[in-house]
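In what follows, a single structure is set out as structure tokens and then discussed.
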Amino acid sequence: RLGVAPQLVDEVARLVRLTVSHHPAPGDHNGEVLSDADLAALAVPRERYVQNTAAIRAEYAHIPDDAFRKGRQQVLVSLLEGPGVFRTDYARREWEATARDNLRAEFAALAD
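So the sequence shown is residues 180 to 291, counted in my numbering.
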């Protein structure tokens with residue numbers, strides 16, 4: 180109806196669903212690029228990262244502190260324990276170290 184090819188609609192829907200896991204299949208270039216773009220906020224300067232995490236907490240204000248802390252720590256651990264946060268060579272080279280530093284700092288702050 181809108182003049183968009185069904186194949187394109189299917190691909191966009193697939194990519195949106197991929198943002199849940201951030202685990203594109205090897206060789207899935209579109210998935211790798213979108214996953215990295217979605218996670219790029221993890222590699223912003225620390226001050227901005229802290230602001231972003233405060234906004235995330237505000238978004239989930241209805242969740243009790245202990246439950247939020249445990250859930251957030253699980254997310255952080257899953258990101259840190261993987262082979263890398265990012266999938267593309269560019270993102271690994273440019274963003275990986277900063278993202279890991281931010282994730283570790285957030286985990287430490289939640290553990291206090």
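Backbone N, C-alpha and C fix where the C-beta goes; we use that ideal spot for every residue, glycine too.
Fill in: Euclidean distance between Cα positions of V264 and A290
21 Å
Discussion item. When you compare the segment 197 to 207 with the segment 221 to 235, are there three or more beta-carbon pairs, one atom per stretch, that lie closer than 8 Å?
Written reply: Contact fails: fewer than three Cβ-Cβ distances are below 8 Å.
Discussion item. To the nearest angstrom, how far is the alpha carbon of L181 from that of P243?
Written reply: 43 Å
Item to complete: With a 10 Å radius around its C-beta and 16 neighbouring C-beta atoms as the bar for buried, classify P262 as buried or exposed.
Response: exposed
Worksheet item: When you compare each of A234, Q252, D280, E211 to A222 by their alpha carbons, which one comes out closest?
Response: D280
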